[in-house]
Each structure stands twice: as structure tokens, then as C-alpha cells.
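Beneath this line is the structure, given in C-alpha cells, with notes to follow.
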Amino acid sequence: MALAVTSSALSKLPPAPREVAQKCLPGGIPTAVSLRSRVSATKGVSSVCEPLPPDRPLWFPGSSPPEWLDGSLPGDFGFDPLGLGSDPELLRWFAQAELIHSRWAMLAVAGILIPECLERLGFIENFSWYDAGAKEYFADHTTLFVVQMVLMGWVEGRRWADLVNPGSVDIEPKFPNRKNPKPDVGYPGGLWFDPMMWGRGSPEPVMVLRTKEIKNGRLAMLAFVGFWFQAIYTGEGPIENLMAHIADPGHCNIFSAFTSH
Numbered sequence: 020m021a022l023a024v025t026s027s028a029l030s031k032l033p034p035a036p037r038e039v040a041q042k043c044l045p046g047g048i049p050t051a052v053s054l055r056s057r058v059s060a061t062k063g064v065s066s067v068c069e070p071l072p073p074d075r076p077l078w079f080p081g082s083s084p085p086e087w088l089d090g091s092l093p094g095d096f097g098f099d100p101l102g103l104g105s106d107p108e109l110l111r112w113f114a115q116a117e118l119i120h121s122r123w124a125m126l127a128v129a130g131i132l133i134p135e136c137l138e139r140l141g142f143i144e145n146f147s148w149y150d151a152g153a154k155e156y157f158a159d160h161t162t163l164f165v166v167q168m169v170l171m172g173w174v175e176g177r178r179w180a181d182l183v184n185p186g187s188v189d190i191e192p193k194f195p196n197r198k199n200p201k202p203d204v205g206y207p208g209g210l211w212f213d214p215m216m217w218g219r220g221s222p223e224p225v226m227v228l229r230t231k232e233i234k235n236g237r238l239a240m241l242a243f244v245g246f247w248f249q250a251i252y253t254g255e256g257p258i259e260n261l262m263a264h265i266a267d268p269g270h271c272n273i274f275s276a277f278t279s280h
């Protein structure tokens, strides 16, 4: 009788707070020392933050991934030979830095390839992404620089605030009969950033999409570095270099570019 009364009384108490696991935070992101605050057990945590089985794909078959890379991060193939992610705070920062640089690189690569294609089709003239900063625009360079710094500073400040306090800069419109997405650092989602609702499914397809984003972002970062070296050594864009290589692969390649200087 006493046990039944005690059990009934305990069931009416609010859920006790719990510590966020050291391995993950919203969005599959490892926790930081600065965010070791206690959160309510009812607060939403991303469902994609789940360690993968031991037989998951690794960067080198048969290798053993470090313990801090359990597969809960998108694009995690257990590669960290220098142990840079052993500190949870640094790993969390690295994951966000890679994500934002991947997105910038994908935009940059598209911004280089598309105008060059339009130039070859005759829609624009004298395009050179490498010299784009030297061209004259509707305003002088100082004005454009200041405006860009102000706008990007505001955006980056908001992103930093969300990194420190997930969900604090939520701009999703609130509707009484509509379930809002859980705070997910780096993946705002919602009506503005996920209108097709691709990121609101079950954990498996969401993790697949995020892994594809990271893999394409890594490829874009490497591609941008390649575009930069091509512009320095040849003075031409990537598509022009590709066409020259296809026309004469024996002479127009990376080796001839280095030996000709």
C-alpha cells in the first residue's frame, strides 16, 4: 500500500533534469565544455545523433576509429590521425566549421562554374572569377566592403549565438496546430530553411542527406583550391582548363603546368 502511494506520488513529479551526453548535442554535434548546462529531459535532441554500429564504413578498411568518433556525426569515417577531435569542445567547433565552410565552398564552386558556362554560351562577356574583385560595380569597393561586413557580421553573430545557446535565434513562425522543429545547431530547418521538409523524416534518411552534404562540401573545398591554383598557373577558368586538357591531355595537365614555370 505504501509502495503504491509512493509510486503514484513520484509519477506526478516533473521529470528530473539530466546531463547532456558528452558525445552529442542537437544535430549530432559533440558537446562543448561551455555548454555543460543541465537541460530538461523533455527538451528535444536530434534523432540523428545516434552512434553507428562497429562495422560502419571507415576511411581505411580494418582500422579502428577513435572513441570520440562513434559515427554520430555526418560524414564520420573515423579519420582523425592527429587526435584533433579528442577534446569534445574542439570536436564540436570543428564539426560546425567544416559544415559552414562546406556550404560556402559549394556556393563558390557554383559561382565559378555557372558564369563561365554562361560566357561560353555567349550570355556574358569577359568573365574571370579570379579578377572579379577588381571590376567596377554599382558602388565603390569601400562601400561594398562595409555593407558586406555589416550584413555578414550580423548573420555570423546570429549563428554564433545559436551555437552557444541552441534554439535562441529561432525565427520559425509559430502556429497553434503546427509542430515546430527541434533546435538543431547547424541545421535550422523549418519553413525558411527546409520548405520541402526533407530534414524532418526518420533518422536514417536525414543522416544520409547530411552525409551527402558534407561529402559534397569536402569535394567542393578541394575543387576550389584546384580552381585557385589553375587560375594562378594558367590564368584561365576551370572549364577552359578542362577543355584544353581534353583536347591535348599529353601536354595540358598538372605536370606540364608545374614544369612550364
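Per my numbering, the very first residue in the sequence shown carries number 20; after that it's consecutive. Cβ atoms here follow ideal geometry from the backbone N, Cα and C, with glycine treated the same way.
In the structure shown, Trp78 falls within a coil segment according to DSSP collapsed to helix, strand and coil.
Of all C-beta pairs linking the segment 116-135 to the segment 241-248, three or more are shorter than 8 angstroms, placing the two stretches in contact. In terms of Cβ geometry, Pro76 and Phe96 form a close pair [threshold 8 angstroms]. Membership of Lys231 in the alpha helix (DSSP H) is indicated by the continuous run 222-253. If you ignore the 5 residues before and after Asn260, its C-beta comes within less than 8 angstroms of the C-beta of Gln249, Thr253, Cys271, all in its own chain and listed in chain order.
When Cβ pairs closer than 8 angstroms are counted between the two stretches, the segment 113-122 is seen to touch the segment 218-237, the count reaching three or more. Distance between Leu163 and Trp87, taken at the CA atoms: about 43 angstroms. Comparing alpha-carbon positions, the option among Ile251, Met262, Glu255, Gln167 lying closest to Phe277 turns out to be Ile251. When secondary structure is reduced to three states using DSSP, Pro268 falls in the coil class, being assigned neither helix nor strand.
Between the beta-carbon of Pro85 and that of Asp99 there is about 5 angstroms, and that keeps the pair under the 8 angstroms contact cut. Sixteen is the threshold: when 16 or more other Cβ atoms of the shown chains lie within 10 Å of the Cβ of Pro257, as they do, the residue is buried.
In the three-state DSSP reduction, Ser187 falls in the coil class, being neither helix nor strand.
Under a 10 Å Cβ-count criterion, Gly172 is classified as exposed, with fewer than 16 other Cβ atoms of the shown protein chains found around its own Cβ. One alpha carbon belongs to Gly176, the other to Leu182, and they sit about 10 angstroms apart. Secondary structure at Phe212: helix, using DSSP grouped into helix, strand and coil.
For the 8 angstroms CB-CB criterion, Glu155 and Phe146 do not form a contact.
Taking Trp179 as the centre and dropping the five residues before and after it, the same chain places no C-beta closer than 6 angstroms to its C-beta. Just so you know, the alpha carbons of Phe212 and Glu232 end up roughly 14 angstroms apart. When rounded, the separation of the alpha-carbon atoms in Trp148 and Leu92 is 34 angstroms. About 6 angstroms separates the beta carbons of Gly104 and Phe113, which is inside the 8 angstroms limit, making them a contact pair. Distances from the CA of Gly94 to each of Gly209, Met226, Met168, His264 were compared; the closest alpha carbon is that of Met226.
If you draw a straight line from the Cα of Ser82 to the Cα of Gln167, it comes to about 45 angstroms. Excluding the 5 residues flanking it on each side, Ser187 has same chain C-beta neighbours closer than 7 angstroms at Ala180, Asp181, in chain order.
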